[in-house]
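Step one of this worksheet: look at the structure below.
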Amino acid sequence: MDFSLTDEQRLMRETARRFTDNEIVAAAKQNARDQRFDLDLVRKIADQGYLGAIVPREYGGAGLDYLSYGLIVEEVGRGDSAMRTVISVQTSLVCSAILRWGTEEQKHHYLPKLCSGEWLGCFGLTEPDTGSDAANQRTRATKTDDGWSISGAKMWISMGNTAKVALIFAQTDPAKKHKGVACFLVDTDQDGYQPSEIHGKMGLHASDTAAISLDDVRATDDQLLGEVGDGFKIAMSALDSGRFSVASGCVGICQGCLDESVSYAKERVQFGRPIASFQLVQAMIAEMRVKTDAARMLTWRAGWLKDTGQPNTTETSIAKYFATEAAVWCANEAIQVHGGAGYVDDHPVERYFRDVRVTTLYEGTSQIQKLIIGRAETGINALVPTAAA
Ligand code: CAA
21 MDFSLTDEQR
31 LMRETARRFT
41 DNEIVAAAKQ
51 NARDQRFDLD
61 LVRKIADQGY
71 LGAIVPREYG
81 GAGLDYLSYG
91 LIVEEVGRGD
101 SAMRTVISVQ
111 TSLVCSAILR
121 WGTEEQKHHY
131 LPKLCSGEWL
141 GCFGLTEPDT
151 GSDAANQRTR
161 ATKTDDGWSI
171 SGAKMWISMG
181 NTAKVALIFA
191 QTDPAKKHKG
201 VACFLVDTDQ
211 DGYQPSEIHG
221 KMGLHASDTA
231 AISLDDVRAT
241 DDQLLGEVGD
251 GFKIAMSALD
261 SGRFSVASGC
271 VGICQGCLDE
281 SVSYAKERVQ
291 FGRPIASFQL
301 VQAMIAEMRV
311 KTDAARMLTW
321 RAGWLKDTGQ
331 PNTTETSIAK
341 YFATEAAVWC
351 ANEAIQVHGG
361 AGYVDDHPVE
371 RYFRDVRVTT
381 LYEGTSQIQK
391 LIIGRAETGI
401 NALVPTAAA
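Below, the structure is given as structure tokens:
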């Protein structure tokens, strides 16, 4: 077993680290305060090639392996989860779905513009009444003479206000349940597509998060991704990539909490000596290090499985579950190490704490990840009622 990174992967990580420190960390605090979705910064991220990292070069991407992609996402996640969310949604949810399920025409039409950042994309799966039960889509797609009419509502959609193309999941035939779901590449420049910014979020203040109303939104047959009925599988396979990306970002948060805590504990003097010398502070730091390493190893394993073409849904859920919970824990402990100083945004741990909370919710809650893992272990789907013995 070889845990070492290749020279190219190390270089990729170093470059992402420098870029994050110079561009992302520098802007994160003010963007969060201003509740500003920083499109100039998104442009710089795109120029680095991070929006299409795993997309082959022939479609305008960087053609990287998953492990390299994860290293980049980890660094950006350490800098700012709002910007990391842009990479996760654009690359993992939108580009990976088009890459896997799109026709050659669709790939050549959409991917270069998404990889270059000319267009942003969003992933319209969640609805006001459809969260964990993603198969139960209330949005309806009805066949028309020249294509489709889509009506319904979407909720909690990252980049829903700024996206030029929206992957919209909709039910075509409720009797068919998940086998009736279709996925459309919807052009957002039409009257029926009405996004609105969601205000009052606990964290990710520098992120664009939308509620979307869909009223007779039109799509042609060419804008159908996959076949009618493939929609649910498209969503699940995209989430296999998205959950890896969220896990990678959370490894970055864990590392950021650890770095900030060590640095602060060595400077902060109480009882005549740096608090880093106290055993109870060292215990918090040691546990942060252990969780960070474990989260990173589980995430790298999921990336390696993807790179070697092996099944990885369960291992991705394990990584997502562990890394997000570890990051929530580390952010909480990091504030404890900082004491009162961690309660204001002079230190990044305050933002880590607020931003990290959503990661155990979006792209599948921790409970959903446990059910996926539990099903893989037992062979029993806990979501399907079983007949009494
Ligand atoms: N890849 C491909 N196909 C898959 C798959 C995968 N990873 N997982 C399941 N499928 C297929 C199954 O093989 C099955 O196919 P058949 O019909 O041919 O048998 C079909 O999908 C149905 O599978 P399940 O029976 O497992 O489906 P389920 O209804 O029991 O649901 C679930 C499973 C795991 C609970 C799923 O609904 C789920 O993941 N829910 C959470 C939804 C979620 O993560 N939402 C996040 C929204 S995105 C977001 O947050 C974006 C943002 O903007 C930040």
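In my numbering, the protein residues as written are 21 to 409.
Note that the Cβ used here is the ideal one computed from N, Cα and C, for glycine as well.
query, result
"Runs of beta strand (DSSP E) lying entirely within the segment 194–265, each at least 3 residues, in chain order", "201–207, 213–217, 229–239"
"Own chain, CB closer than 8 Å to M304, minus 5 neighbours either side, in chain order", "S281, E353, Q356, V357"
"Three CB pairs or more closer than 8 Å across the segment 248–255 and the segment 195–204", "yes"
"Where M23 falls: helix, strand or coil (DSSP)", "Residue identity check: residue 23 is Phe in the sequence provided, not Met. DSSP places F23 in coil when its eight states are reduced to three."
"H219 classed as buried or exposed, judged by whether at least 16 other C-beta atoms fall within 10 angstroms", "exposed"
"Whole-angstrom distance between D211 and T471, CA atom to CA atom", "Summary: the structure shown does not reach residue 471, with the chain confined to residues 21 through 409, and so no result is reported for it."
"Per DSSP, cross-strand counterpart(s) of T162", "S169"
"Residue(s) in a DSSP beta bridge with I305", "Beta-bridge pairing links I305 to no other residue."
"Helix, strand or coil at Q55 [DSSP, three-state]", "coil"
"Alpha-carbon spacing of D228 relative to Q387, whole angstroms", "26 Å"
"For Y70 and I107, believed in contact at Cβ under 8 Å, the rounded distance", "5 Å"
"Buried versus exposed, by CB contacts within 10 Å (16 or more), R30", "exposed"
"Residue burial classification, I170 (beta-carbon count within 10 angstroms, cutoff 16)", "buried"
"Per-residue DSSP class, three states only, for G144", "strand"
"Range of the contiguous beta strand (DSSP E) that encloses V185", "185–191"
"Candidates A73, Y213, G90, of which the one nearest S136 by Cα", "A73"
"Spatial neighbours of I177 in its chain, beta-carbon cut-off 6 Å, leaving aside the 5 residues before and after", "C142, G144, A230, I232"
"Distance cut-off 7 Å: D153 Cβ against heavy atoms of the ligand SAM", "Only the ligand CAA can be found as ligands here, which leaves the ligand SAM out of the picture."
"Residue range of the alpha helix (DSSP H) that includes H129", "124–136"
"Reduced DSSP category for M179 - H, G, I as helix; E, B as strand; rest coil", "coil"
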